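J.:
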Amino acid sequence: MKIANIEAFWLRCPIPKEKQHFSDYGLLTNFDMTLIVVTTDSGLKGFGEAKAAVGSSGSCASIVSCVENELKPQLIGQDARNISRIWEMVYNGTRDHYSLSRGRKFPILGRRGLTISALSGIDTALWDIKGKSLGVPVVELLGGSCRDKMEAYASGGWAKVDAIGEQLKGYTSKGFSGVKMRVGIMDETVKASVERVKAAREALGDNIKLMTDAHGTFSVPEAKQFCRGVADCNLYWFEEPINPDNKIGTAEVRSQTDIPIAAGESEYTAFDIRDMISERALDVLQPDCAIIGGVTEAMRVSQLAHTYQLELAPHCWGSAFSFMAGLSVAFASPSANVIEFSLGGNPMMYDLVEEHIRVDDKGMISAPDKPGLGVTPNWDFVKDFKQ
């Protein structure tokens, strides 16, 4: 089962005005993603996503170039079933034979950044192919599901203090028993963020999980101030309190609060996550399958979560393909309890694929049961929004 072709498509779809929101990334008027398509010599296709930005919007031209001009020439003719070997080929470059014979890495300079994002999409597509070829869902290949259903939490929450309660209750009215809201520099002051969280908790009551996400925009002192201000709000976690480059600072924030600290969506490879664990910076690990290095590397992060008795909660803000990849990893991991479900304007989650990803009226999502990732592109959508 040889790789015959690898394609990358930058898709940009306008978000309807009524579904647009304003955050620290500005007003999000478009949703971007890179669709990766791997085709075997038998015509079997696998699909994945590679990200050029953690947020919804950003140029994907460099990802497309990396896939088409750098990675594709290396991988044409390789056996698509050898996923781990292909991962090592890309990560180690011309020294991959040393890596495979000596059992340690000899990485290329681009072992972080867009090369790993590009690899993420290819790796996920290879898992999709393998599942389809065997007629089983990817989660089955990862060891099988640890549970039949998992709680999904509604991810959104950008409204001002006078409307945040109503916005989040709109999520819980759909059955969600957990919600996440954004805080941080978009509020201009720590005080404003604290007031929004307090308003949210008052509106939701005590029985709803409430997460907050600062997108890495607080300073260390501001993050500490925020934690003190919301100490009585029973937060399930505080996500990316400060700049992800400042791992020591994140550890400092964690050391001074009993609110669990979550991060990892901006990290490349399990090595970055290992470093955060070493600094005692994390309680919740959040690998993004479209950034971390695909399903392969997300599972390595899952093993870190299991080993260090930390929670795994994959970052699933993206297309249906990265969502299903993260969902597969979460269901295969004993360390995962909840999964992120986007309630923002996200055409890549709902319009890009033929299938409809569902959460039941109790806010629960079932383990994947279709071959591969279980989702297929709507090629008319791809044609309409390809850049």
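Numbering-wise, the sequence shown is residues 1 to 387 according to full-length UniProt numbering. Ideal Cβ placement from N, Cα and C applies to all residues, glycine included. Source: prediction; values computed, not measured.
1. Tell me whether residue 105 sits in a helix, a strand or coil according to DSSP, three-state version.
2. If you drop the 5 nearest sequence neighbours on each side, which residues of the same chain put their C-beta closer than 6 Å to that of residue 222?
3. With hydrogens ignored, establish whether the beta-carbon of residue 242 is closer than 7 Å to any heavy atom of the ligand ADP.
4. What do you get for residue 125, buried or exposed, if any count of 16 or more other CB atoms within 10 angstroms of its CB means buried?
5. Alpha carbon to alpha carbon, how far is residue 369 from residue 138? Give it in angstroms, no decimals.
6. How many Å lie between residue 228 and residue 383 at the Cα?
7. Do residue 318 and residue 266 come within 8 Å of each other at the CB atom, strictly closer than that value?
8. Identify which residue in 295, 299, 98 and 336 has its Cα closest to the Cα of residue 311.
9. With distance defined between alpha-carbon atoms, name the residue in 4, 315, 28 and 3 nearest to residue 180.
10. Please name the residue, chosen from 89, 239, 279 and 176, that lies closest to residue 287 on a Cα-to-Cα basis.
11. Counting C-beta neighbours from all protein chains within 10 Å, is the total for residue 32 16 or more, i.e. buried, or is it exposed?
12. Does the beta-carbon of residue 102 have 16 or more other beta-carbons within 10 angstroms, so that it is buried, or is it exposed?
13. So is residue 173 buried or exposed if we call it buried at 16+ other beta carbons inside 10 Å?
14. Is it buried or exposed for residue 163, if we count other Cβ within 10 angstroms and need 16 for buried?
15. Please state the DSSP three-state secondary structure of residue 6.
16. Grouping DSSP H, G and I as helix and E and B as strand, with all else coil, what is residue 146?
17. Applying the criterion that 16 or more other CB atoms from any shown protein chain within 10 Å of the CB defines a buried residue, is residue 6 buried or exposed?
18. Could you tell me if residue 326 is buried or exposed, where buried requires 16 or more neighbouring beta carbons within 10 angstroms of its beta carbon?
19. Can at least three beta-carbon pairs, one atom from the segment 131-147 and one from the segment 62-77, be found at a separation below 8 Å?
20. Helix, strand or coil: which one does DSSP assign to residue 42?
21. Answer with buried or exposed for residue 333, where buried requires no fewer than 16 other C-beta atoms within 10 angstroms of its C-beta.
22. Using C-beta distances below 8 Å, list every residue in its chain close to residue 255, excluding the 5 sequence neighbours before and after it, in chain order.
23. Suppose you measure from the CA of residue 301 to the CA of residue 213; what does that come to, to the nearest Å?
24. Tell me which residues share the same chain as residue 187 and place their Cβ nearer than 6 Å to its Cβ, disregarding the 5 neighbours each side in the sequence.
25. What first and last residue would you give for the beta strand (DSSP E) that runs through residue 213?
26. Under 8 Å, do residue 3 and residue 40 count as touching if we go by C-beta distance?
27. Under a three-way DSSP split, which group does residue 176 fall into?
28. Please identify the residue among 10, 197 and 305 whose C-alpha is closest to the C-alpha of residue 121.
29. Using 8 Å as the limit for Cβ to Cβ distance, is residue 16 near chain C?
T.: On the basis of the supplied data:
1. Residue 105 sits in coil when the DSSP states are folded into three classes, being neither helix nor strand.
2. Within the same chain, residue 222 has close Cβ partners 190.
3. As far as ligands go, the structure on display features none, and thus does not contain the ligand ADP.
4. Residue 125 comes out buried.
5. When rounded, the distance between both Cα atoms is 9 Å.
6. The alpha-carbon atoms of residue 228 and residue 383 are separated by roughly 50 Å.
7. Pairing residue 266 with residue 318 gives a Cβ-Cβ distance that is not under 8 Å.
8. When each option's Cα is compared against that of residue 311, the closest is 336.
9. In terms of CA proximity to residue 180, 315 leads the group 4, 315, 28 and 3.
10. Of the listed residues, the one whose Cα sits closest to residue 287 is 239.
11. Buried, because 16 or more other Cβ atoms sit within 10 Å of the Cβ of residue 32.
12. Exposed, by the Cβ-count rule.
13. Taking a 10 Å sphere around the C-beta of residue 173, we find fewer than 16 other C-beta atoms and assign the residue as exposed.
14. Residue environment for residue 163: exposed (fewer than 16 other C-beta atoms within 10 angstroms of its C-beta).
15. For residue 6, the three-state secondary structure derived from DSSP is strand.
16. Correct three-state label for residue 146: coil.
17. It counts as buried.
18. Buried: at least 16 other Cβ atoms inside 10 Å.
19. No, the segment 131-147 is not in contact with the segment 62-77.
20. In the structure shown, the three-state DSSP call for residue 42 is coil.
21. Buried: at least 16 other Cβ atoms inside 10 Å.
22. If the five residues before and after residue 255 are omitted, its C-beta is found closer than 8 Å to the C-beta atoms of 280, all from its own chain and listed in chain order.
23. Put simply, the backbone Cα of residue 301 is about 21 Å away from that of residue 213.
24. Excluding five sequence positions before and after residue 187, the CB atoms of its chain that fall closer than 6 Å to its own CB belong to 193, given in chain order.
25. For residue 213, the enclosing beta strand (DSSP E) covers residues 209-213.
26. A distance below 8 Å separates the beta carbons of residue 3 and residue 40.
27. It is coil, neither helix nor strand.
28. Per the Cα distances, 10.
29. The displayed structure is made up of one protein chain only, and chain C is not part of it.
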